[in-house]
Each structure stands twice: as structure tokens, then as C-alpha cells.
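Asks: Have a look at this one before I ask anything.
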Amino acid sequence: MSEKQVLVTGACGEIGQALVQELARKGGYKIVTSDLYPPPDSIKPLVAEHVAGDLVYKVKTFYDYDFDIIFHLAASLSSKAEIATEEAHRINVEGTMQLLMLAAYRSEKYKKEVKFLFPSSIAAYGVPNIEAKKQAGAVKETEWNTPHTMYGCNKLYCEKLGLYYSKYFGQKHLDEKPPAMLDFRAIRFPGLISAFTMPSGGTSDYGPEMLHAAAQGKPYACFVRADTKISFMAMPDAIKSLLILMDVPREKLSHTVYNIAAFALTAEEFRQRAINAFPDAKITYDINPRRQGIVDSWPQDVDDSLARAEWGWKADYDADRFFDDYFLPEIRKRYGK
Ligand code: SER
């Protein structure tokens with residue numbers, strides 16, 4: 001079978017590096033990557049070609065490529081996006097729009113299906129206050145679509161743009177089935193934690209930052225309150241979800257956007273688990289009100305029954321397995337503790 005051509009944007013980020021490694025391990029893909037930066041050593045030997053630079057201006061480079069699958073991961077995350085809002089909008093919305101146009105053009109011109117995988121986020125949700133957050137519990141995809149952040153607004157809008165370009169672009173008769181299509185599929189990710197890379201610019205970053213600091217014996221001041229609870233996931237599960245969703249036959253999917261869940265913990269529960277594993281860990285709290293406001297607006301958990309029902313989603317790592325079978329063994333190897 002011939003190789004599938006894959007584009008991974010934002011390839012130097014956390015999801016990007018892990019995804020490229022897994023695609024290379026599986027085999028059968030010609031991997032083209034793009035990012036602001038040159039590829040790190042972790043993925044450099046695995047990619048056929050890397051295009052460095054601002055995606056909004058670089059998209060035209062890709063018009064001659066014959067991509068079967070696009071993973072559009074490049075984004076400015078929630079905390080960073082709140083500091084440079086217009087720039088975030090440009091990266092998050094304009095970049096996505098440019099790439100969707102390219103995929104729609106290719107699928108229409110060459111009568112070929114192009115799959116477009118998009119990481120959305122729990123930031124697409126927004127609850128008005130702590131009481132509503134408690135009451136909301138694990139939210140469904142259609143609930144509380146009222147984001148409080150630029151990043152969340154951008155993600156929610158791009159989900160809609162994806163649906164538009166895949167279904168309505170060209171305004172065919174509603175019953176007319178297009179011969180080929182841009183096949184847009186999005187996952188609303190919880191906070192992700194890798195044992196190999198560190199996040200930057202996000203607001204769920206206190207989870208991974210705390211754990212990596214504890215493992216290195218460095219003090220850490222957590223920027224949200226002890227009782228702050230959101231949903232988290234191990235990076236291998238995030239990559240697994242993208243690859244499952246990539247392969248699910250379209251007819252099994254009745255939606256374009258899916259929640260996935262693994263475990264929801266409070267900051268204090270993270271702290272206790274970090275101290276149990278690394279008894280010398282010095283973890284304190286120093287609340288950043290702006291970042292606290294962002295996580296307070298995110299649901300404490302998400303309901304992933306749609307993904308379970310339609311594409312058999314199930315996380316491998318609950319909280320115990322995340323620590324015992326993934327994070328702690330890997331991080332001990334990495335930092336030698
Ligand atoms: N991890 C992201 C952030 O904190 C949420 O998608 O911005």
C-alpha cells in the first residue's frame with residue numbers, strides 16, 4: 001500500500017512531537033511538518049520535510065502537496081492568548097481558516113477526501129461562576145458553549161468553520177452528497193500531561209509544571225487554588241484518541257466535535273500525589289487571579305459518552321494508572337530520581 005501523506009502543523013509542540021513519533025512508529029505515512037521553529041531532535045529524523053515559519057503566510061507553500069490527512073495543531077494557548085489577543089486570533093483563527101481553505105480546495109479540485117483533525121479544548125466551555133461549575137458536573141458537547149477566553153472563542157469558532165468547510169462550503173443542495181469531501185473531525189481535549197515535554201502558554205500548565213518540578217526536586221508555586229478542579233489526560237491517550245478518530249469510518253460519526261475524558265483532579269490532589277511520590281517536593285500556592293479566573297470558567301469534567309458510543313473511545317490511563325504506569329516510571333528515568 002502506498003504511503004499516506006500527512007501534514008502536522010505545530011509539530012514542535014507537545015502534541016505535535018508525540019504525534020509525529022507515533023505516526024512514524026506505526027509506519028505507512030510520509031510526514032510533513034510545520035512550525036514557527038525548526039524541528040527538535042525528537043522528531044527531526046522522522047519527518048520527510050519541515051516548513052519553518054508563520055503558518056498564515058506559509059500555507060501557500062502547501063498548495064502543491066497531496067495531503068491525505070492534516071493534523072492542525074498550531075495554536076496560541078489560553079494564557080498566552082489572553083496577553084496577546086489579536087495575535088492569538090490571527091494564529092488560531094486565520095491559520096485554521098487558511099488551512100481549511102487549502103483542504104477544501106484540494107478535496108474539491110481533485111475529488112479526493114482530505115481528513116482534517118483539529119484539537120479543540122475544554123476552553124470552548126465557559127461557566128459563569130464556581131457554583132455553576134459544581135452544578136454542571138461533567139458537561140456534554142452542547143452545554144455551556146460560552147467561552148470566557150480568546151483561545152476558547154477561537155477554538156469554538158474554528159469548530160464551526162470546520163463544519164462549514166466540510167459540509168456547507170459551495171452551498172450544495174442539502175440532500176446532495178458531495179462526491180469528495182473535506183472530512184473535519186475535532187476533539188475537545190482536557191489538560192494534557194506528558195512525561196517528556198513541558199507545556200507553555202496554557203492555563204492547565206500548573207498540573208504538568210507541578211509534577212515536573214517535584215520530580216526534579218525544584219520548588220513550585222501553583223498559580224491556582226487548591227480546590228481548582230479540571231479534567232486531565234496522559235499524552236499517550238491524547239495521541240491514541242487522534243489516531244482512533246482519524247481511522248473511524250465517516251458513517252459511524254454523527255458529529256464533528258467530541259469530548260474525551262480520562263481523570264479529573266483538584267490541584268491539591270495533584271500536590272498530594274506529587275508529595276507521595278517525591279516526599280521532598282516543596283509545592284506552595286501563589287494564586288494568579290487572571291489564570292484562576294480562566295480555569296474557574298472551565299468545567300470540572302467532561303462527558304465523553306458520545307465518543308465512547310460512536311468510535312469506541314476509552315482512555316487507557318485513569319489517575320492511578322497515569323501516575324503508576326506512565327508518569328512516574330518515565331519521569332524517574334528522565335530525571336534519575
Ligand atoms: N491546555 C490548554 C490550555 O491550558 C487547554 O486546551 O490552554
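Quick note, the sequence shown lines up with residues 1 to 337 if you use the working numbering. Just so it is clear, CB atoms sit at the ideal spot from N, CA and C, and this is done for glycine as well.
So for residue 269, helix, strand or coil by DSSP?
Replies: If DSSP states are grouped into helix, strand and coil, residue 269 belongs with the helices.
Asks: Rounding to the nearest angstrom, what Cα-Cα distance links residue 316 and residue 55 in this structure?
Replies: Residue 316 and residue 55: Cα-Cα distance of roughly 33 Å.
Asks: Quick one: Cα of residue 328 to Cα of residue 231, how far?
Replies: So the alpha carbons of these two residues sit roughly 19 Å apart.
Asks: When you measure from the CB of residue 191 to every non-hydrogen atom of ligand 1, does any distance come out below 7 Å?
Replies: Yes, ligand 1 has a heavy atom inside 7 Å of this Cβ.
Asks: Using a Cβ-Cβ cut-off of 8 Å (strictly less than) and excluding sequence neighbours within five positions of residue 227, which residues of its own chain qualify?
Replies: Cβ neighbours of residue 227 beyond the five flanking positions: 266, 267, 268.
Asks: Confirm, please, whether the CB-CB distance from residue 233 to residue 189 is below 8 Å.
Replies: In contact: residue 189 and residue 233 (Cβ atoms closer than 8 Å).
Asks: By a C-beta neighbour count over all protein chains shown, 10 Å radius and 16 as the cutoff for buried, is residue 344 buried or exposed?
Replies: Given a span of 1 to 337 for the chain in the structure shown, any question on residue 344 remains unanswerable.
Asks: At 3 residues or longer, what runs of the beta strand (DSSP E) sit wholly inside the stretch 98-132?
Replies: List check, beta strand (DSSP E) in window: 114-121.
Asks: Three or more C-beta pairs closer than 8 Å, one from the stretch 237-251 and one from the stretch 4-18: is that the case here?
Replies: The answer is yes - the stretch 4-18 touches the stretch 237-251, with three or more Cβ pairs under 8 Å.
Asks: Shortest alpha-carbon distance to residue 254 belongs to which of 68, 83, 186?
Replies: Considering only alpha carbons, the answer is 186.
Asks: Can we count residue 261 as close to ligand 1, meaning its CB is less than 7 Å from some heavy atom?
Replies: The answer is no for residue 261.
Asks: Secondary structure at residue 76, three-state DSSP: helix, strand or coil?
Replies: Residue 76: coil per DSSP, three-state reduction.
Asks: Determine the DSSP secondary structure at residue 9, reduced to helix, strand or coil.
Replies: It is a strand residue.
Asks: In whole angstroms, what separates the C-alpha of residue 48 from that of residue 64?
Replies: Roughly 15 Å separates the two Cα atoms.
Asks: Looking only at its chain, what residues have a beta carbon closer than 8 Å to the beta carbon of residue 286, apart from the 5 residues adjacent to it on each side?
Replies: Around residue 286: 221, 222, 223.
Asks: Relative to the C-alpha of residue 110, which candidate in 99, 74, 182 has its C-alpha closest?
Replies: Looking at the Cα atoms, 182 is the closest of the given residues.
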